[in-house]
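Engineer: Here my numbering = 1-based position in the sequence shown + 438. All C-beta atoms in this analysis are idealised placements derived from N, C-alpha and C, irrespective of residue type, glycine included.
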Amino acid sequence: MFTHHCLAYTSFNFDKVVTVGPWPTILLCAALFLLTLLVVPFRRKFDLLFRSLYSQRHFSLMMREGRVLQERFFIFTLIFDTLVFALGVLIIMQHYDNILAQKMHVMLLFLLLFAVMMAMFWVKYLVNIIYTNLFEHPKELYPMSLYKFIFVTDAAILLFPFLILMQFTHHFFWIYCYIPLFLMLFVLYVYKLMKINPRQINLFNYFVYFCTLEILPYLLLAKLTAMI
Numbered sequence: 439m440f441t442h443h444c445l446a447y448t449s450f451n452f453d454k455v456v457t458v459g460p461w462p463t464i465l466l467c468a469a470l471f472l473l474t475l476l477v478v479p480f481r482r483k484f485d486l487l488f489r490s491l492y493s494q495r496h497f498s499l500m501m502r503e504g505r506v507l508q509e510r511f512f513i514f515t516l517i518f519d520t521l522v523f524a525l526g527v528l529i530i531m532q533h534y535d536n537i538l539a540q541k542m543h544v545m546l547l548f549l550l551l552f553a554v555m556m557a558m559f560w561v562k563y564l565v566n567i568i569y570t571n572l573f574e575h576p577k578e579l580y581p582m583s584l585y586k587f588i589f590v591t592d593a594a595i596l597l598f599p600f601l602i603l604m605q606f607t608h609h610f611f612w613i614y615c616y617i618p619l620f621l622m623l624f625v626l627y628v629y630k631l632m633k634i635n636p637r638q639i640n641l642f643n644y645f646v647y648f649c650t651l652e653i654l655p656y657l658l659l660a661k662l663t664a665m666i
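Right under this line is the structure:
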């Protein structure tokens, strides 16, 4: 009796979608404003920064620019990078119904993530100083720190459009499209670090340094987030 009816067939999709709210959109607008402040007055330097991970010539030009890590350009870019990554983690936590995302206000959780990521950057920079002095490679400190800054900035710039797509299309799968790009950037970053001083580098010391400084903090942060 139900085979001949005029009801339209409706398919249901039970996949989770990204939580829609005003705060992620406001934060995306803030990130776009920061990006505009970087591109307009520092266009040449921003272009060099974005290309330096892929081109040795651009990296050499970036080195000749002077102490980039001590300029206003560095501060604005670091704020943009941290904002984008903190927003990305916030959206992931909302998607997987993390207990912090359920109990804390969106902006309070974002500020907490922003502070944690900013602290991680400066702690790792301090450990970089200790590492280069401990193993008597003080000349490598600046190029290593610069490559780290370039990698973080490139990863944030590539993540930014994917966050926009996730927020306005409400589809979480865009983050999976970003993961291969991030892994390729990370491999290229490791390769560039290895080429800084290949003759004097101790592979065992470098392996210990890289695992403890570049990988372990993120694993601990992910584990802690998953356990909460």
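Go ahead and pull the three-state DSSP assignment for residue 455.
Structural biologist: Confidence at residue 455 is low in this model, with a pLDDT of 45, below 50, so its placement is unreliable and the value that follows should be read with caution. Three-state DSSP puts residue 455 in coil, outside helix and strand.
Engineer: Which whole-angstrom value is the C-beta distance of residue 506 and residue 584, which I expect to be below 8 angstroms?
Structural biologist: Between residue 584 and residue 506 the Cβ distance is about 7 angstroms, and since that is below 8 angstroms, they are a contact.
Engineer: Specify, as a first and last residue, the run of the alpha helix (DSSP H) that residue 583 falls within.
Structural biologist: That run of the alpha helix (DSSP H) goes 579-607.
Engineer: Check whether the segment 484-491 and the segment 580-598 touch, using three or more Cβ-Cβ pairs below 8 angstroms as the test.
Structural biologist: With a cut-off of 8 angstroms, the segment 580-598 and the segment 484-491 count as touching, because enough Cβ pairs lie within range.
Engineer: Of all the options 484, 509 and 508, which has the alpha carbon lying nearest to the alpha carbon of residue 497?
Structural biologist: Closest option to residue 497, Cα to Cα, is 484.
Engineer: What whole-angstrom Cβ distance do residue 472 and residue 521 have, given they're in contact under 8 angstroms?
Structural biologist: The pair is a contact, with the Cβ atoms about 7 angstroms apart (cut-off 8 angstroms).
Engineer: Using CA coordinates, which residue listed in 478, 482, 518 and 499 is at the minimum distance from residue 598?
Structural biologist: Nearest option by C-alpha distance: 518.
Engineer: Assess, as a yes-or-no matter, whether the segment 507-515 is touched by the segment 474-482 under the definition of 3 or more beta carbon pairs within less than 8 angstroms.
Structural biologist: Touching, yes, given that three or more Cβ pairs across the two stretches are closer than 8 angstroms.
Engineer: Going by beta-carbon coordinates alone, are residue 551 and residue 538 separated by less than 7 angstroms?
Structural biologist: Contact: no.
Engineer: What's the gap between the Cα of residue 610 and the Cα of residue 533?
Structural biologist: If you take the alpha carbons of residue 610 and residue 533, they lie about 8 angstroms apart.
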